[in-house]
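K.L.:
Take this structure, written in structure tokens, and hold onto it; I'll ask about it next.
There are 2 protein chains.
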Amino acid sequence: MIRAAMDLFAEQGFEQTTAGDIAERAGVTERTFFRHFADKREVLFDGSKTMAALVADTIRAAPPELSPADTALAGITSVAPLLEDGHDHSARRSRIIEANPALRERELLKLASLVEVIAEALRARGVAPLTADLAAHTAMAAFQVAFAAWVAADEPPALAACIGETAAALRAL
Amino acid sequence: MIRAAMDLFAEQGFEQTTAGDIAERAGVTERTFFRHFADKREVLFDGSKTMAALVADTIRAAPPELSPADTALAGITSVAPLLEDGHDHSARRSRIIEANPALRERELLKLASLVEVIAEALRARGVAPLTADLAAHTAMAAFQVAFAAWVAADEPPALAACIGETAAALRAL
DNA sequence: CTTCACGATGTCAGTGACTGACATCGACCG
DNA sequence: CGGTCGATGTCAGTCACTGACATCGTGAAG
Chain U
20 MIRAAMDLFA EQGFEQTTAG DIAERAGVTE RTFFRHFADK REVLFDGSKT MAALVADTIR
80 AAPPELSPAD TALAGITSVA PLLEDGHDHS ARRSRIIEAN PALRERELLK LASLVEVIAE
140 ALRARGVAPL TADLAAHTAM AAFQVAFAAW VAADEPPALA ACIGETAAAL RAL
Chain B
20 MIRAAMDLFA EQGFEQTTAG DIAERAGVTE RTFFRHFADK REVLFDGSKT MAALVADTIR
80 AAPPELSPAD TALAGITSVA PLLEDGHDHS ARRSRIIEAN PALRERELLK LASLVEVIAE
140 ALRARGVAPL TADLAAHTAM AAFQVAFAAW VAADEPPALA ACIGETAAAL RAL
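The structure is reproduced here in structure tokens:
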């Protein structure tokens, strides 16, 4: 269904694609589609739970002496391996999302949830709430900018390196 | 209609309130409601265009020697006066939005649009694209954290001061 | 081998968000 | 006074989503 949805969204656009269209191409019923995905947009955001769990685990396992900002950065960077291999897929997916405000909204919500996960994980390490929020937001800012650059690149560099460079540029501000 | 919607959302929740309910309480038709607001959520985000314009103007008028980060911060801080007086209203509105993911999505989209406005205004001043993106995201991070603290406060301090302090804390990371 | 339980799917009817087409109505313009 | 125009009402239609119920395939228990 995920493949069917991505193909249809790319071919004819998100709004022009009905849930029934996706279901039909996937060989199931519309009702079945909605049993697997909470709504039509969710079909593009399947891995987000996995990513959140990974980020939380990474932060929990990070050395205690690491600063909040560096810990948050390490957390968000840990998702890079999940994406490194699928540059084409990520680019295709990003193009679809950028083309539709409703999908962009959903992506922003997922990213905001990730920020909350990071902040919560930092607080669990004893970081002050306000500092945790700021570090989480800042790490996410670096990730977003780095990811956008990585996705736009024809010859993809390493995503993890992109994030590192972007974070360095951020510190220079 | 805005008042009717906020009241109903607060009373019975966003999902439990139909567009027809809002229209009825406001004394108009459902069709008329949708002529004024693109969708049911939009009714809570009326001033966002004004804010974006204000931010863009502020950045355009900022002294050229100001650093990108400080310029972005000045831009986002310029919306503070619009909110200072309406602390109760902001708090009430925030409570409604936090209570519903769909509304949170819309808010995130508006904030992301603001980030884009800031970045674009910085680029127009000759700031490098990547730097502009980073500065815009960072300023927005400071604003979000500061605004959350301001909204949560019982005895509201000055929002502009909140943003300044938060930005200072951010630099300390 | 039969039976039973259960998870995944199909079917169907219903609600509510939105949209397009058309009619109406009141203010203002010449 | 007739005409124009913007705002509103009316109505029918599409589509996202949901709840209730039937069906079916599989695998465990007897």
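Those protein sequence lines, which keep their order, are chains U and B. Sequential numbering from 20 applies to the first sequence in our numbering. Sequential numbering from 20 applies to the second sequence in our numbering. Positions of the beta carbon are idealized from the N, C-alpha and C atoms, including for glycine.
(1) Once the 5 residues before and after B:Phe28 are set aside, which same chain residues still bring their CB inside 7 Å of it?
(2) Anything in chain U within Cβ reach of B:Asp65, meaning under 8 Å, just list it in chain order.
(3) Near U:Pro175, what residues of its chain come up, given a Cβ to Cβ distance below 7 Å and the 5 sequence neighbours on each side ignored?
(4) Where does the unbroken alpha helix (DSSP H) through B:Val74 begin, and where does it stop?
(5) What runs of the alpha helix (DSSP H), each 4 residues or longer, lie entirely inside the stretch 80 to 158 of chain B?
(6) Taking Cβ-Cβ distances below 8 Å as the criterion, which residues of the stretch 81 to 114 of chain U are in contact with chain B?
(7) Pairs of beta-carbons, one from the stretch 70 to 80 of chain B and one from the stretch 154 to 161 of chain B, closer than 8 Å: are there three or more?
(8) Examine chain B for any beta-carbon lying closer than 9 Å to the beta-carbon of U:Val164, and answer yes or no.
(9) Could you check whether U:Val164 and B:Ala153 sit closer than 9 Å to each other, using their CB atoms as the reference points?
(10) At a Cβ threshold of 9 Å, is B:Asp173 touching chain U?
(11) By Cβ distance, which residues of its chain are closer than 6 Å to U:Glu126, with the 5 residues on each side in sequence left out?
(12) How would you list, in chain order, the residues of chain B whose beta-carbon sits under 8 Å from the beta-carbon of U:Glu124?
(13) For a quick check, are the C-beta atoms of U:Met20 and U:Ala45 less than 9 Å apart?
(14) Taking the C-alpha atoms as reference points, what is the distance between U:Ala171 and B:Ala143?
(15) Can you list, in chain order, the residues of its chain whose CB lies under 6 Å from that of U:Leu102, leaving out five sequence neighbours each side?
(16) Leaving out five residues on either side along the sequence, give the residues of the same chain with a beta carbon under 8 Å from the beta carbon of B:Ser132.
(17) Using alpha carbons as the reference points, say which of B:Arg112, B:Asp173, B:Asp89 lies closest to B:Ile182.
(18) Using only the alpha-carbon positions, how far apart do B:Leu122 and U:Ala80 sit?
(19) Using a Cβ-Cβ distance under 9 Å, would U:Ala140 count as near chain B?
(20) Identify the contact partners of B:Pro120 in chain U, using a Cβ-Cβ distance below 8 Å as the criterion.
(21) With distance defined between alpha-carbon atoms, name the residue in B:Phe56, B:Phe166, B:Arg60, B:Val47 nearest to B:Pro100.
(22) Rounded to whole angstroms, what is the Cα-Cα separation between B:Ala23 and U:Val98?
(23) Do we get a CB-CB distance below 9 Å when we pair B:Thr36 with the residues of chain U?
(24) Assign U:Ala177 to one of three DSSP states: helix, strand, or coil.
(25) Less than 9 Å between CB atoms is the rule here; does B:Ala167 satisfy it with respect to chain U?
(26) Using 8 Å for Cβ pairs, my map puts U:Arg112 next to U:Leu63. What's the rounded Cβ distance?
(27) Quick check: is the beta carbon of U:Ala268 nearer than 9 Å to any beta carbon in chain B?
(28) Is it the case that the CB of B:Ala99 approaches a heavy atom of the ligand SAH more closely than 8 Å?
(29) Apart from the five residues just before and just after B:Leu85, which ones in its own chain have a Cβ nearer than 8 Å to its Cβ?
(30) Against chain B, with Cβ distances strictly below 9 Å, would U:Asp76 count as a contact?
(31) Taking C-beta to C-beta, are U:Glu49 and U:Gly39 nearer than 9 Å?
(32) Is there a Cβ from chain U that is less than 9 Å from the Cβ of B:Thr69?
P.N.:
Quick answer:
(1) Walking along the second sequence from the start, residue 28 of chain B turns up at place 9. Contacts found: Thr36, Ile115.
(2) Along the second sequence, read from residue 1 onward, the residue named residue 65 of chain B stands at position 46. Within 8 Å Cβ-Cβ: nothing; B:Asp65 doesn't reach chain U, min ~17 Å.
(3) Here residue 175 of chain U refers to the residue found at position 156 when the first sequence is read from its first residue. Around U:Pro175: His106, Trp169.
(4) For this step, residue 74 of chain B is matched to residue 55 along the second sequence. B:Val74 -> alpha helix (DSSP H) spans 67 to 80.
(5) 87 to 96, 99 to 103, 106 to 117, 120 to 143
(6) Ser86, Pro87, Ala88
(7) Contact fails: fewer than three Cβ-Cβ distances are below 8 Å.
(8) Numbered from 1 along the first sequence, position 145 holds the residue referred to as residue 164 of chain U. U:Val164 counts as touching chain B.
(9) To locate residue 153 of chain B, count along the second sequence from 1; it is residue 134. To locate residue 164 of chain U, count along the first sequence from 1; it is residue 145. Note on identity: in this sequence residue 153 of chain B is Leu, with Ala being the wrong assignment. Contact flag set, yes.
(10) For the purposes of this step, residue 173 of chain B is taken as the residue at position 154 of the second sequence. B:Asp173 does not count as touching chain U.
(11) Here residue 126 of chain U refers to the residue found at position 107 of the first sequence. These residues qualify, in order along the chain: Ile116.
(12) One-based indexing of the first sequence puts residue 124 of chain U at position 105. Per Cβ cutoff of 8 Å: Glu124, Arg125, Leu127, Leu128.
(13) One-based indexing of the first sequence puts residue 20 of chain U at position 1. One-based indexing of the first sequence puts residue 45 of chain U at position 26. Judged by beta-carbon spacing, U:Ala45 lies within the 9 Å limit of U:Met20, meaning their Cβ atoms are closer than that value.
(14) Taking the first sequence and counting its residues from 1, one reaches residue 171 of chain U at position 152. Taking the second sequence and counting its residues from 1, one reaches residue 143 of chain B at position 124. U:Ala171 and B:Ala143: Cα-Cα distance of roughly 22 Å.
(15) In the first sequence, the residue the question calls residue 102 of chain U occupies position 83. Cβ neighbours of U:Leu102 beyond the five flanking positions: Ser109, Leu178.
(16) Counting from 1 along the second sequence, the entry for residue 132 of chain B is found at position 113. Result list for B:Ser132: Ser67, Ala71, in chain order.
(17) Here residue 182 of chain B corresponds to residue number 163 of the second sequence, with the count starting at 1. When B:Arg112, B:Asp173, B:Asp89 are compared, the shortest CA-CA separation from B:Ile182 is found for B:Asp89.
(18) Position 103 of the second sequence, counting from 1, holds the residue named residue 122 of chain B. Position 61 of the first sequence, counting from 1, holds the residue named residue 80 of chain U. If you take the alpha carbons of B:Leu122 and U:Ala80, they lie about 34 Å apart.
(19) Stepping through the first sequence from its first residue, residue 140 of chain U is reached at position 121. So no, U:Ala140 is outside the interface.
(20) In the second sequence, the residue the question calls residue 120 of chain B occupies position 101. Those within 8 Å of B:Pro120 in chain U are Leu128.
(21) Here residue 100 of chain B is taken as the residue at index 81 of the second sequence, counted from 1. Here the closest residue by C-alpha is B:Phe166.
(22) Counting from one through the second sequence, the residue named residue 23 of chain B turns up at place 4. Counting from one through the first sequence, the residue named residue 98 of chain U turns up at place 79. For B:Ala23 and U:Val98, the distance between alpha carbons rounds to 44 Å.
(23) For this step, residue 36 of chain B is matched to residue 17 along the second sequence. Taking Cβ atoms only, chain U never reaches closer than 9 Å to B:Thr36, which makes this a no.
(24) Indexing the first sequence from 1 puts residue 177 of chain U at position 158. U:Ala177: coil per DSSP, three-state reduction.
(25) Stepping through the second sequence from its first residue, residue 167 of chain B is reached at position 148. Cβ-Cβ to chain U under 9 Å: yes for B:Ala167.
(26) On the first sequence, position 93 is the one that residue 112 of chain U refers to. On the first sequence, position 44 is the one that residue 63 of chain U refers to. U:Arg112 to U:Leu63, Cβ: 6 Å. Contact.
(27) No statement about residue 268 of chain U is possible, as the shown extent of chain U runs from 20 to 192 and does not include it.
(28) Ligands in the displayed structure: none, and consequently the ligand SAH is not present.
(29) Here the question's residue 85 of chain B lines up with position 66 in the second sequence. In chain order, Ala93 place their CB closer than 8 Å to the CB of B:Leu85, counting only its own chain and leaving out the 5 sequence neighbours on each side.
(30) For the purposes of this step, residue 76 of chain U is identified with residue 57 of the first sequence, where counting begins at 1. Cβ-Cβ to chain B under 9 Å: no for U:Asp76.
(31) Reading the first sequence from its first residue, position 30 is the one you call residue 49 of chain U. Reading the first sequence from its first residue, position 20 is the one you call residue 39 of chain U. Result yes, Cβ atoms of U:Glu49 and U:Gly39 sit closer than 9 Å.
(32) Residue 69 of chain B sits at position 50 when you count from the first residue of the second sequence. Under the Cβ distance rule, B:Thr69 does not count among the residues neighbouring chain U, no pair being separated by less than 9 Å.
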